[in-house]
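What follows is a short report on a single structure.
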Amino acid sequence: AVCNSNPTPCKDPPDKLFTVHGLWPSDSNGNDPKYCKAPPYQTIKILEPQLVIIWPNVLNRNDHEGFWRKQWEKHGSCASSPIQNQKHYFDTVIKMYKTQKQNVSEILSKANIKPGRKNTTLVDIENAIRNVINNMTPKFKCQKNP
2 AVCNSNPTPC KDPPDKLFTV HGLWPSDSNG NDPKYCKAPP YQTIKILEPQ LVIIWPNVLN
62 RNDHEGFWRK QWEKHGSCAS SPIQNQKHYF DTVIKMYKTQ KQNVSEILSK ANIKPGRKNT
122 TLVDIENAIR NVINNMTPKF KCQKNP
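For the sequence shown, the working numbering assigns the number 2 to the initial residue and increments by one for each residue that follows.
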């Protein structure tokens with residue numbers, strides 16, 4: 002979706018993984034707060050090797066750090082109740098991807114759904130994900146190709 006909605010061409014991951022686009026907190030009304038007061042972003046070198054794979058900057062492969070900073074400032078800064086700090090925010094993304102059935106690449110691969118395949122329906126994708134996440138309905142935000 003990011004690649005289709007942005008005039009800057011994406012630099013797709015070489016192995017064509019489905020990657021994380023964001024971790025955005027919502028309030029009890031379903032609104033997505035932005036730019037809340039939080040400590041300034043600090044470099045997170047210890048998590049960088051995992052984040053580059055799981056949550057890359059697909060628009061600029063030379064500036065993952067700038068992308069993560071923007072994600073923290075815009076979204077992570079508003080997750081202050083369950084999320085304790087910046088490291089916890091990024092750890093949460095990694096944990097969800099690896100251990101809490103949030104690895105969409107793995108889920109879809111097991112259902113024989115690959116990135117770029119033209120004949121896959123939204124229902125196919127939804128069913129593959131539902132089968133893994135206790136029949137809960139995933140939330141999709143679709144965009145049509147121009």
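Where a beta carbon is used, it is the ideal one built from N, C-alpha and C, also for glycine.
- In the three-state reduction of the DSSP assignment, cysteine 79 falls in the helix class.
- DSSP, read as helix, strand or coil, puts asparagine 7 in coil.
- Counting C-beta pairs closer than 8 Å gives fewer than three between the stretch 33 to 42 and the stretch 119 to 132, which falls short of the contact rule.
- When Ser82, Thr93, Ile95 are compared, the shortest CA-CA separation from aspartate 28 is found for Ser82.
- Below 8 Å, enough C-beta pairs join the stretch 48 to 56 and the stretch 87 to 97 to call them touching: three or more.
- For arginine 118 and serine 110, the gap between their C-alpha atoms comes out near 12 Å.
- Judged by DSSP secondary structure, tyrosine 98 falls within the alpha helix (DSSP H) whose first and last residues are 87 to 100.
- The C-alpha of glutamine 103 lies about 22 Å from the C-alpha of glutamate 66.
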